[in-house]
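Undergrad:
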Amino acid sequence: MSGCTPIMNENSVRRADCESALRSSAPEPDASSGGYLRNRDNIIFQQGDSTMQVDIKQGNILESDADLIIVNLFEEVTEPAGATGAVDKALDGQISKLIELGDCSGELGETTLFYTLGRLPAPRVLVVGLGKADAFDINNARIAAAKAIRAARNAGAKQAATMVHGAGAGAGGLDAAEAAQALVEASLLENYEMPAQRSGEADAKSVETLTLLEYNADAIPLLETGVRTGRIVAESAIFSRDLSATPSNIATPAYIANKAMDVAKETGLDITVMEWGEMEELGMNILLAVAKGSDEPPKFIILEHNKEKADELPTIVLVGKGVTFDSGGYSLKRAEGMWKMKYDMSGAANVLATLRAVALLNLPLHVVGLMPLVENMINGHAQKPGDVYKGMTGKTMEVISTDAEGRMILADALAYAGRFKDARAVIDQATLTGAISTALGQQAAGLFTEDESLKARLLAASEATGERLWPMPMFDEYKASIKSDFADVKNSSSPDRAAGVSTSAKFLQHFTEDYPWAHLDIAGMSWTKKPRPMYPAGAAAFGVRLLVHMLQSWGS
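Read in order, the letters of the sequence shown are residues 2 to 557 in the working numbering.
1. Quick check on the burial criterion: 16 or more other C-beta atoms within 10 angstroms. Buried or exposed for Gln-59?
2. Give the single residue among Arg-408, Ala-349, Glu-111, Ala-123 whose Cα lies nearest to the Cα of Val-129.
3. Would Ala-349 and Gly-321 qualify as a contact pair, given that the criterion is a beta-carbon distance under 8 Å?
4. Starting from the Cα of Tyr-216, find the closest Cα among Lys-148, Leu-509, Ile-62 and give me that residue.
5. Leaving out five residues before and five after Ser-463 in sequence, what residues of the same chain have Cβ atoms less than 7 Å from its Cβ?
6. Please classify His-166: is it buried, with 16 or more other beta-carbons within 10 angstroms of its beta-carbon, or exposed?
7. Is it the case that the region 177-185 contacts the region 215-234, given that we only count it when at least three CB pairs across the two stretches are under 8 Å?
8. Comparing C-alpha positions only, which one of Glu-76, Lys-491, Asp-522, Ala-168 sits nearest to Met-473?
9. Exposed or buried, which one is Lys-266 when buried takes at least 16 other CB atoms within 10 Å?
10. When the Cα atoms are used, what is the spatial distance from Gly-447 to Ile-379?
11. Flag this pair as touching only if the region 309-321 and the region 391-402 have three or more C-beta atom pairs under 8 Å; answer yes or no.
12. Taking C-alpha atoms, which residue in Glu-279, Ala-358, Thr-253 lies nearest to Leu-270?
13. Going along the chain, which residues of its own chain have a beta-carbon closer than 7 Å to the beta-carbon of Asn-141, five neighbours each way excluded?
14. Could you please give me the residues that DSSP links to Arg-430 through a beta bridge?
15. Run through the region 445-470 for me and flag every whole alpha helix (DSSP H) of 4 or more residues, listed as ranges in chain order.
16. Per the contact definition of three or more C-beta pairs closer than 8 Å, is the region 137-153 in contact with the region 181-191?
17. Going by the CB atoms, is the gap between Leu-214 and Ala-162 shorter than 8 Å?
18. Touching or not, the region 505-516 and the region 333-343, by the rule of three or more beta carbon pairs under 8 Å?
19. Applying the 10 Å Cβ sphere with the 16-neighbour rule, what's the burial state of Ala-261?
20. Would you call the region 236-248 and the region 93-102 in contact, with 3 or more CB pairs under 8 Å?
21. Pick out whichever of Val-427, Glu-101, Gly-157, Lys-422 has its Cα sitting closest to the Cα of Lys-206.
22. Can you name the start and end residues of the beta strand (DSSP E) that Pro-373 belongs to?
23. Going by DSSP, what residue range makes up the alpha helix (DSSP H) through Gly-132?
24. Identify whether Glu-20 lies in helix, strand or coil by the three-state DSSP scheme.
25. Given this structure, state the Cα-to-Cα distance separating Arg-458 from Ala-414, to the nearest angstrom.
26. In whole angstroms, what is the alpha-carbon distance linking Ala-560 and Val-88?
27. Using CA atoms only, rank isn't needed, just tell me which of Ala-123, Ser-495, Ser-237 is closest to Ser-402.
28. In this structure, what does DSSP give as the bridge partners for Ile-483?
29. Select from Thr-85, Gly-323, Ala-418 the residue whose C-alpha is nearest the C-alpha of Asn-377.
30. Kindly give me the distance between the Cβ atoms of Ala-405 and Ser-493, rounded to whole angstroms, as I take these residues to be in contact under 8 Å.
31. Note down, in chain order, each residue of its chain lying with its Cβ closer than 7 Å to the Cβ of Tyr-536, except the 5 sequence neighbours on either side.
32. Where does Glu-101 land, buried or exposed, given buried means 16+ other C-beta within 10 angstroms?
33. Taking C-beta to C-beta, are Pro-373 and Leu-411 nearer than 8 Å?
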């Protein structure tokens, strides 16, 4: 296979040549296959719906003629004040009456709908609860905003106007920009509808316009800053959701490489797309062992923000697992859950989305994104249990389970990360183990690191964004579980499944170099079974907001 390495967005000739090569690299449908279809041109992929426009206006919320206006209420408040008090007065004390009856309590996320019946220009008022005032924080502001948008959708409102939760004096003490960012992030993420390949018009309810109303003109510039940041972060997460939810017959390694080039063109990121031959020259034989079972050629994508300033700025490397479909290989997965394996590239999608946000925010860092992309399938060339491969580091690995393929492609990706000398951190994220879901459910992702400074940064970002991480053990004793009689290491401790999440992390650590490293196992968080605020059912893009926040803090 020929190499194709587009570098620098300005080089339009090389870029065009590479795009053509990428788009032609996937096999065409074979008429003899009984209709088996892998041609993306026969399907127009529908993107997820979150096209909400966000405006900022100076003015009084009482004068808004939106379909619905949103005000808020803290728990244990008996007499509403501020904008909520003004609305209550216009409604002849309806809000106060329901507070007295206990039907409008201000509990976090509670929503109560009122009809104005001509007493205000807006036909509806929504009161959203902020919870207890002394417990209010940025995460509660997001929950309230998400719940309000969901209620507005359910009410059929197309245009909504809202006060900025937590930005007023005595209303939580949030900075106006921070509060606006939280509101916009939560509103866009909650307004999102997972894409579906259906004929006909979509019938989902959606808020089309959200107007942030602020009476104080001096606060408008801060709100504008927050709205811009919130939109960039939310739309980047939505990009990851769309990519992760794309069916695997469409979202092949070549397709994702094209998407990465689109992002590079949009943002000015530098991009390199390595083909099989280049990976082979580098000795990425562990990664290629997974790829050779599929007709879809693998790709290895390198994205860089501020590449030209790499010697001046701190370097952070992000690595994302990109298995575009995981059958399990010869260690075949069970049929009932295999359809979800299109999500097995969520780590790579998150890295691409994070780099998009980093570039649009123009953070003062040198940020690198590494995306190894493969399919894990079965054919006569596929890897087999018992095979031994030498990776980029020169270390050898024995295959015990072909279904432990994610750690295999990350092994060579983490080795490649060592090329970025003096990196302040290398952070990988992967849907690596089912065991992490057993351990933590859909409440947190697993955090594995022995670097206390990096752990502190990640946990601080987790706390600030509500994307929860839980530190997991990395005891040296786990090394014994991946010791091989035939190679330096084996890719699974099977059939002994004890501490599977930690032995998997120890396997990855074997291929890291002398840099601060953390592994995020997001398998339990990559898609949402039961909707919760900001996370409708489907692809979650968990980790995008967390990493963007961490990088913003690092850059500041």
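We put the beta carbon where it would ideally sit given N, CA and C, even for glycine. Computed from a predicted structure; not experimentally measured.
TA: Put simply:
1. Exposed is the call here.
2. Glu-111
3. With respect to Gly-321, Ala-349 sits close: the two C-beta atoms are nearer than 8 Å.
4. Ile-62
5. Arg-469, Leu-470, Leu-547
6. buried
7. yes
8. Asp-522
9. exposed
10. 30 Å
11. no
12. Residue Ala-358 holds the alpha-carbon nearest to the alpha-carbon of Leu-270 among Glu-279, Ala-358, Thr-253.
13. Leu-109, Leu-131, Gly-132
14. This sequence places Gln at residue 430; Arg is not what is there. Paired residue(s): Gly-321, Leu-521.
15. 453-466
16. Here the region 181-191 makes contact with the region 137-153; the two share three or more CB pairs at distances below 8 Å.
17. yes
18. no
19. buried
20. no
21. Gly-157
22. In the DSSP annotation of this structure, the continuous segment of the beta strand (DSSP E) that includes Pro-373 starts and ends at 367-377.
23. Membership of Gly-132 in any alpha helix (DSSP H) is not indicated; the residue belongs instead to the beta strand (DSSP E) covering 125-132.
24. At Glu-20, the pLDDT of 41 sits below 50, so the modelled position is not reliable; the number obtained from the coordinates is stated separately. Note: Glu-20 maps to helix in three-state DSSP.
25. Answer to the nearest angstrom: the Cα atoms are 23 Å apart.
26. Nothing can be reported for residue 560: it is not among the residues displayed for the chain, which extend from 2 to 557.
27. Closest in alpha carbon position to Ser-402, among Ala-123, Ser-495, Ser-237, is Ser-495.
28. Partner residues in a beta bridge of Ile-483, as assigned by DSSP, do not exist.
29. Gly-323
30. Cβ atoms of Ala-405 and Ser-493 come within 8 Å of each other, at about 4 Å.
31. Correct list, in chain order: Thr-529.
32. exposed
33. yes
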